[in-house]
Amino acid sequence: MRGIVQADVDPMTPPILSTSDLTVRFGGHVAVDAVTCAFNAGELTAIVGPNGAGKTTYFNLISGQIPATSGSVFLRGQEITGRSVAQRTRAGIGRAFQLTSLFPNLSVLENVRLVAQSKADQGFNLWSMASKHTELTQAAEQILSRVRLLDQAAQVVSELSHGDQRKLEVALLIALGPAVYMFDEPTAGMSVDEAPVVLDLIADLKAHSDRTILLVEHKMDVIAKLADRIIVLHNGALAADGDPATVMASDVVQEAYMGRELEDV
Amino acid sequence: MMATVLSGDLPRSRVLALILLAILICLALAPFLFPGVRTVDTAARICIFIVLVASYDLLLGYGGIVSFAHTMFFGIGAYGVALASTHMGRGFDAIFVGATAGAVLAAALALLIGLFSLRVRAIFFAMITLAVASAVAVLVSQMSGLTGGEDGLTFKIPRELGPAFKFGDRFMGVKLNGKLLAYYFVFFGALILFLLMLRVVNSPFGRVLQAIRENDFRAEAIGYRVVYYRVAATCLSAAAAALAGSLYAVWLRYVGPDTSLSMEIMIDILLMVVIGGMGTMYGAVIGATLFVIAQNYLQNLMGAASGMFEGLPVLPDLLSADRWLLWLGVLFILSVYFFPTGVVGRLRHGK
């Protein structure tokens, strides 16, 4: 499958996103260790590894929440390592968080509307009435109907169930519609009937756009179904990279991910 | 029509709407409904504090930014008008120049403080504002050649706004003089400023401020550069506070450190925002009205109450007019306890 996707990509075009020797140290602990990796347009890459392997930290370095100790991040060949989170977002890196991060005292609709407003670059409009920008409200409602939250549009976020908050977390990213989608365990803590809604959305994104998707996920069946490629992080370093079948069968995954790593410590 | 004037932000509670309407009518007709130097002075102070408190609400209630320099900006506007009127001579041009210069200076200072400290952490901003405000207050009292020091400055405003200017005989028993015009200058100035701020908080910009207050981390991650918005809100709020200060200077025809720069006013503003309800704008109207009236009349009321209980043990002493600050404190604690979301929050959500 990966071969087919790659065939579509002109070998001369640079990868949409890449990291080069990307490293971050917290004191003496190297959380992400010289990760060099490139992601192509239209590819869904699953990032796996045991807890504490540095997956979320790697995400934080790419989307800018944590500054890198050394190494670089490139978007469309352009270095963005020193840029702020908002600048990276505007350049096309969108992120959904593992720990739900929403605007708790605003309505569900307002949460999504704020994203639409950011995309429309209306943030510094001080004069018009926000409520009169019907195009933004409509855009937000459309996203809400895609994640099946339209019925809860008027509800305050803090009153939503956990599962619905997770859906909204994903909805904010989908509303942003970036060039690179970064999902950090999107179905964590969701019930068995809720998770498919989010997974279908990701599958839909993959099928109907040439967007790049990075997905941190623990459920192997989900990965097997969605991923074009898997990279494995272990102790912050890139331990394996390749198509799902090969990587999942490899020793490094069996050791690093499937829980056998404890034996060799 | 009404919705447009209020920028689509209706009171959303029948009781609140009635209270606001009552306050508006009372303030609009104050010189006729409550003739008397003291009552009209109270009404003018209410108008001015509504603007001042609303501008603080823009910062604290919408932006979630704590500042202790709000009276400094208020004072800058007041001193602007005083200095311009002293040096340019009395006239509307002096008021205009002084108010504009005050607002611009306040916004510039806010920009400077904001760029230095808001990049780091909101709490750092609070500490810096405290330091700068204290420094400015000391500076104003020391530079007595320019500012009049602790004595302040007394100055002349245009003749048309003074009691000596008469433009007709009595109307409904009220003298038609410049003092009446000065009141309406303050009233309409305050009304326009309040409606402008109501407009800003209901604009897309205002929504971003709310998002930042709720979760700055996520606001940044959906593409809003949080520091820019915080700095912009600080500048706007500073300029509005300065204009409120200019109105105050015009009304008092005097500025001094105690009337426009003291930390006590800063605390009053905080109390008014909290009592009225943060992040609602209308809370500023309610908070300022209740607080200024309490400040001006609680003492009298208690004096009367104390007289009523004469002869009884303890009660007259407890209710003595000198104890009014104690009771203001008690009122404040009770209001925060019973209305944690302020009067407006309580009326809107019943909780």
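Order-wise, the sequence lines are chains Y and R.
So the first sequence is numbered by our numbering: it starts at 62 and just counts up by one.
So the second sequence is numbered by our numbering: it starts at 91 and just counts up by one.
Each residue gets a CB set at the ideal place from its N, CA and C atoms; glycine is no exception.
Backbone CA spacing between L123 (chain R) and V222 (chain R) [nearest angstrom]: Here residue 123 (chain R) refers to the residue found at position 33 when the second sequence is read from its first residue. Here residue 222 (chain R) refers to the residue found at position 132 when the second sequence is read from its first residue. C-alpha separation (whole angstroms): 42 Å.
Should M251 (chain Y) be labelled buried (16 or more other beta-carbon atoms within 10 Å of its own) or exposed? The sequence position of residue 251 (chain Y) within the first sequence is 190, counting from 1. Result: buried.
Would you list, in chain order, the members of the segment 304 to 334 of chain R that have their beta-carbon closer than 9 Å to a beta-carbon of chain Y? E304, N305, F307, R308, A309, E310, A311, I312, G313, Y314, R315, V316, V317, Y318, Y319, A322, L326
Just the C-alpha distance for D312 (chain Y) and T431 (chain R), rounded to the nearest angstrom, thanks. For this step, residue 312 (chain Y) is matched to residue 251 along the first sequence. For this step, residue 431 (chain R) is matched to residue 341 along the second sequence. Whole-angstrom Cα-Cα distance: 58 Å.
Between L78 (chain Y) and chain R, is there a C-beta pair that is closer than 9 Å? Your numbering for residue 78 (chain Y) matches position 17 in the first sequence. No, its Cβ sits nowhere closer than 9 Å to a Cβ of chain R.
Using the beta-carbon of each residue, which ones in chain R are nearer than 7 Å to M190 (chain Y)? In the first sequence, counting from the first residue as 1, residue 190 (chain Y) sits at position 129. The contacting residues are S97, G98, N292, S293.
Neighbour-count burial assignment, P111 (chain Y), 16 or more Cβ in a 10 Å radius: In the first sequence, the residue the question calls residue 111 (chain Y) occupies position 50. Classification of P111 (chain Y): buried, given that the 10 Å Cβ count is 16 or more.
My understanding is that I138 (chain R) touches V276 (chain R), with C-beta atoms under 8 Å, so please give their C-beta distance in whole angstroms. Residue 138 (chain R) sits at position 48 when you count from the first residue of the second sequence. Residue 276 (chain R) sits at position 186 when you count from the first residue of the second sequence. So it is a contact: roughly 6 Å between Cβ atoms.
Proximity of L233 (chain Y) and I312 (chain R) at Cβ, strictly below 9 Å: Numbered from 1 along the first sequence, position 172 holds the residue referred to as residue 233 (chain Y). Numbered from 1 along the second sequence, position 222 holds the residue referred to as residue 312 (chain R). Yes, these two residues count as a Cβ contact at 9 Å.
Could you check whether the Cβ of R180 (chain R) sits closer than 9 Å to any Cβ belonging to chain Y? Here residue 180 (chain R) refers to the residue found at position 90 of the second sequence. So no, R180 (chain R) is outside the interface.
Quick check on R102 (chain R): buried or exposed, where buried means 16 or more other Cβ atoms within 10 Å of its Cβ? Locating residue 102 (chain R) in the second sequence gives position 12, counting from the first residue. It is exposed - the Cβ of R102 (chain R) has fewer than 16 other Cβ atoms within 10 Å.
Status (buried if at least 16 other CB within 10 Å, exposed otherwise) for A310 (chain Y): Translated into positions along the first sequence, residue 310 (chain Y) becomes position 249. By the neighbour-count rule (16 or more Cβ atoms within 10 Å), A310 (chain Y) is not buried but exposed.
If you reduce the DSSP assignment to three classes, tell me which class N186 (chain Y) lands in. Here residue 186 (chain Y) is taken as the residue at index 125 of the first sequence, counted from 1. In this structure, N186 (chain Y) counts as coil in the three-state DSSP scheme.
Among Y:R151, Y:L260, Y:L78, the one whose alpha carbon lies nearest that of A99 (chain Y): Indexing the first sequence from 1 puts residue 99 (chain Y) at position 38. If we check each option's Cα against that of A99 (chain Y), Y:L78 comes out closest.
Just checking, does the segment 157 to 166 of chain Y make contact with the segment 293 to 309 of chain R on the three C-beta pairs under 8 Å criterion? yes
I'd like the span of the alpha helix (DSSP H) that includes Y318 (chain R), first residue to last. For the purposes of this step, residue 318 (chain R) is identified with residue 228 of the second sequence, where counting begins at 1. Y318 (chain R) -> alpha helix (DSSP H) spans 316 to 342.
Which bits of chain Y does A301 (chain R) rub up against, with CB to CB less than 8 Å? Translated into positions along the second sequence, residue 301 (chain R) becomes position 211. Correct list: F164, L167, L175.
Look at L333 (chain R) and A144 (chain R) and say whether their C-beta atoms are less than 9 Å apart. Counting from 1 along the second sequence, the entry for residue 333 (chain R) is found at position 243. Counting from 1 along the second sequence, the entry for residue 144 (chain R) is found at position 54. Contact flag unset, no.
For a cutoff of 9 Å on Cβ pairs, would you count R289 (chain R) as touching chain Y? Here residue 289 (chain R) refers to the residue found at position 199 when the second sequence is read from its first residue. Yes, R289 (chain R) lies at the interface with chain Y (some Cβ there is under 9 Å from its Cβ).
V230 (chain R) versus R:G435, R:S350, R:G419, residue with shortest Cα-Cα distance: As a first step, residue 230 (chain R) is located in the second sequence; it is residue number 140 there, counting from the start. Per the Cα distances, R:S350.
By the DSSP assignment, the beta strand (DSSP E) with H177 (chain R) in it spans what residues? Stepping through the second sequence from its first residue, residue 177 (chain R) is reached at position 87. Careful: H177 (chain R) lies outside any beta strand (DSSP E), inside the alpha helix (DSSP H) at 160 to 178.
Could you list the residues in the segment 140 to 160 of chain Y with a C-beta less than 7 Å from some C-beta on chain R, going in chain order? S145, V146, A147, T150, R151, R156
Determine which residues share a DSSP beta bridge with D302 (chain Y) and list them. Taking the first sequence and counting its residues from 1, one reaches residue 302 (chain Y) at position 241. According to DSSP, D302 (chain Y) bridges with Y:I292.
For a cutoff of 9 Å on Cβ pairs, would you count V434 (chain R) as touching chain Y? For the purposes of this step, residue 434 (chain R) is identified with residue 344 of the second sequence, where counting begins at 1. No, V434 (chain R) lies away from the interface with chain Y (no Cβ there is under 9 Å from its Cβ).
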